[in-house]
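Trainee: Just passing along the structure, written as structure tokens.
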Amino acid sequence: MLLKCTILTSTELSIELKNAQLLSSKDYADIINIEQEDGFPNDCYDIFQQSEGKAKDGLYIIQLMKDLIVVYCDMHSAEGGWTVVQHITANTSLDFDRTWEDYKQGFGLVNGDHWLGNEFMHRLTSKPRAYKLGIKLIDINGEMKWGEYEPFLIEHEKAKYKIRLGLYQGTAADALTQNTEAYIHDNQKFTTKDSDNDNYFQNCAKIELNGISGGGWWYNACAGANLNRRNILYWQNDCTKENLCKYAWMMVKPNKKRDKCSNSSHDEL
Ligand SMILES: [Ca+2]
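Each residue of the sequence shown is one higher than the one before, starting from 730 at the first, in this note's numbering.
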């Protein structure tokens, strides 16, 4: 199921968004570049650069191959230009216990809690230029932690949207490639309640904590981090049952250092 919607702008330009289901009816008026005339950008970093760093946070249309999608751009975190691929508020009413198809196409509202969609994450990060992943965590006391994996990519659907992570830096724990809990997430396939691709004898996406299941994630057996369990966000050391987190974001941005060497862009993964 993929909803499409055609927007008529004031210039009579019709725009078909592939992920229109991630917009509420009032969100359309908030799309900042809806009347752009010279083609849509590849990602939020393009917008950030073209504006010389002046572009605001908010909703923008980007082009992934021939498809147009709407995304939320974070123009202020870690030097700006980030395309948000996940946002969650602890105890959100948005259900993250979803099927493979839902995680593939995205769900929620791009202006709030949402998952942009594994297919779009794959297309974004498999472009010739290499990308990096940013993780932003805010705990209930308002303390912010940040981390980056560089490079980062999501493989195609036949590879079960496997996650590939490079070197880590940041103030948060390295919960995706560190092995302190023997659950390394790097190189793991994506698992949902209807598609078990993890290394546990049961399906990690179905295991409940306080009555809420884990949701889709790149589980190992099962998790050293999981930002898609909507009641308790989990990020080794930083977001736990003892140190509750209120918000999390996952976002992507081209790796500046590798712009000029796209031929070998993914060799280090
Ligand atoms: Ca399993």
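All residues carry an ideal CB built from backbone N, CA and C; glycine is no exception.
Give the secondary structure of Ala-952 by DSSP, where H, G and I count as helix, E and B as strand, and everything else as coil.
Mentor: Of the three classes helix, strand and coil, the one that applies to Ala-952 here is coil, per DSSP.
Trainee: Counting only the same chain and skipping the five closest in sequence on each side, list residues whose C-beta sits under 8 Å from that of Phe-769.
Mentor: Result list for Phe-769: Asn-762, Ile-790, Ile-791, Gln-792, Leu-797, in chain order.
Trainee: Please classify Ala-977 as buried or exposed, where buried requires at least 16 neighbouring CB atoms within 10 angstroms.
Mentor: Answer is buried; the Cβ neighbour count reaches 16.
Trainee: On the DSSP letters alone, give me the boundaries of the alpha helix (DSSP H) that Asp-831 sits inside.
Mentor: From DSSP, the alpha helix (DSSP H) with Asp-831 extends over 829-834.
Trainee: CA-CA distance, Asp-772 and Tyr-948?
Mentor: Computed Cα separation, rounded: 27 Å.
Trainee: Alpha carbon to alpha carbon, how far is Gly-953 from Gln-965? Give it in angstroms, no decimals.
Mentor: C-alpha separation (whole angstroms): 6 Å.
Trainee: Would you list the one or two residues that DSSP bridges to Trp-964?
Mentor: Its beta-bridge partners are Ala-954, Cys-968.
Trainee: Assuming contact is defined by CB atoms lying nearer than 9 Å, are Ala-749 and Ile-961 in contact in what I supplied?
Mentor: Against a cut-off of 9 Å, the Cβ pair of Ile-961 and Ala-749 comes out as no contact.
Trainee: Please confirm whether any heavy atom of ligand 1 lies closer than 8 Å to the CB of Asp-923.
Mentor: For ligand 1, not one heavy atom lies less than 8 Å from the Cβ of Asp-923.
Trainee: Name the residue from Glu-830, Pro-857, Asp-903, Glu-886 whose alpha carbon lies nearest to the alpha carbon of Glu-877.
Mentor: Taking only the C-alpha atoms, the option nearest Glu-877 is Asp-903.
Trainee: Any Cβ of chain B within less than 9 Å of the Cβ of Gln-792?
Mentor: Structure shown: chain B not included; a single protein chain is present.
Trainee: Rounded to whole angstroms, how far is the Cβ of Asp-868 from the Cβ of Leu-973, which I believe are closer than 8 Å?
Mentor: Going by Cβ atoms, the distance from Asp-868 to Leu-973 rounds to 7 Å, so yes, they are a contact pair.
Trainee: Ignore the nearest five residues each way along the sequence and tell me which others in Trp-829's own chain have a CB closer than 7 Å to its CB.
Mentor: Cβ within range, chain order: Thr-921, Asp-923, Ser-924.
Trainee: Rounding to the nearest angstrom, what Cα-Cα distance links Asn-984 and Gly-810 in this structure?
Mentor: Looking at the two C-alpha atoms, the distance is approximately 11 Å.
Trainee: Short check: CB of Tyr-832 to CB of Phe-919, under 9 Å?
Mentor: Contact: yes.
Trainee: Once the 5 residues before and after Thr-981 are set aside, which same chain residues still bring their CB inside 8 Å of it?
Mentor: Before going on, a small fix: residue 981 reads as Val here, not Thr. Around Val-981: Asp-772, Trp-811, Thr-812, Val-814, Met-850, Leu-853, Thr-854, Tyr-860, Lys-861, Leu-862, Gly-863, Phe-881.
Trainee: Would you please state the rounded distance, in angstroms, between the beta carbons of Leu-901 and Trp-875? I believe it to be under 8 Å.
Mentor: Correcting the residue type first, residue 901 is Ala in the shown sequence and not Leu. Contact holds; Cβ gap of about 6 Å.
Trainee: Regarding Phe-930 and ligand 1, is the C-beta to nearest heavy atom distance less than 8 Å?
Mentor: Yes, the Cβ of Phe-930 comes within 8 Å of a heavy atom of ligand 1.
Trainee: Would you mind sorting Phe-777 into buried or exposed? The rule is 16 or more other CB atoms within 10 Å of its CB.
Mentor: Buried, since its Cβ has 16 or more Cβ neighbours within 10 Å.
Trainee: Is it right to say Phe-930 is buried, meaning 16 or more other beta carbons lie within 10 angstroms of its own, or is it exposed?
Mentor: By the neighbour-count rule (16 or more Cβ atoms within 10 Å), Phe-930 is not buried but exposed.
Trainee: In angstroms, rounded to a whole number, what distance separates the CA positions of Ile-765 and Gly-787?
Mentor: The sequence as given places Gln at residue 765; Ile does not occur at that position. Going from the Cα of Gln-765 to the Cα of Gly-787 covers about 15 Å.
Trainee: Please confirm whether Gly-899 and Asp-826 have their CB atoms less than 9 Å apart.
Mentor: No, they are not a contact pair.
Trainee: Go through the segment 835-879 residue by residue and report every complete run of the alpha helix (DSSP H) that reaches 4 residues or more, in order.
Mentor: Counting whole runs of 4 or more residues, the segment 835-879 contains the alpha helix (DSSP H) stretches 847-854.
Trainee: Considering only C-alpha positions, which residue in the set Lys-970, Asn-916, Cys-951 is nearest to Asn-939?
Mentor: It is Lys-970.
Trainee: Taking only the alpha-carbon atoms, compute the straight-line gap between Asn-908 and Ile-936 and give it to the nearest angstrom.
Mentor: Looking at the two C-alpha atoms, the distance is approximately 21 Å.
Trainee: Can you check DSSP and say which residues form a bridge with His-816?
Mentor: BP columns for His-816 point to His-843, Trp-978.
Trainee: Using the Cβ count rule (16 or more neighbours within 10 Å means buried), how would you classify Gln-779?
Mentor: So Gln-779 ends up on the exposed side.
Trainee: Roughly how many angstroms separate the alpha carbons of Arg-958 and Trp-946, rounded to a whole number?
Mentor: Looking at the two C-alpha atoms, the distance is approximately 9 Å.
Trainee: Is Glu-884 near Gly-895, with beta carbons less than 9 Å apart?
Mentor: Not closer than 9 Å, so no.
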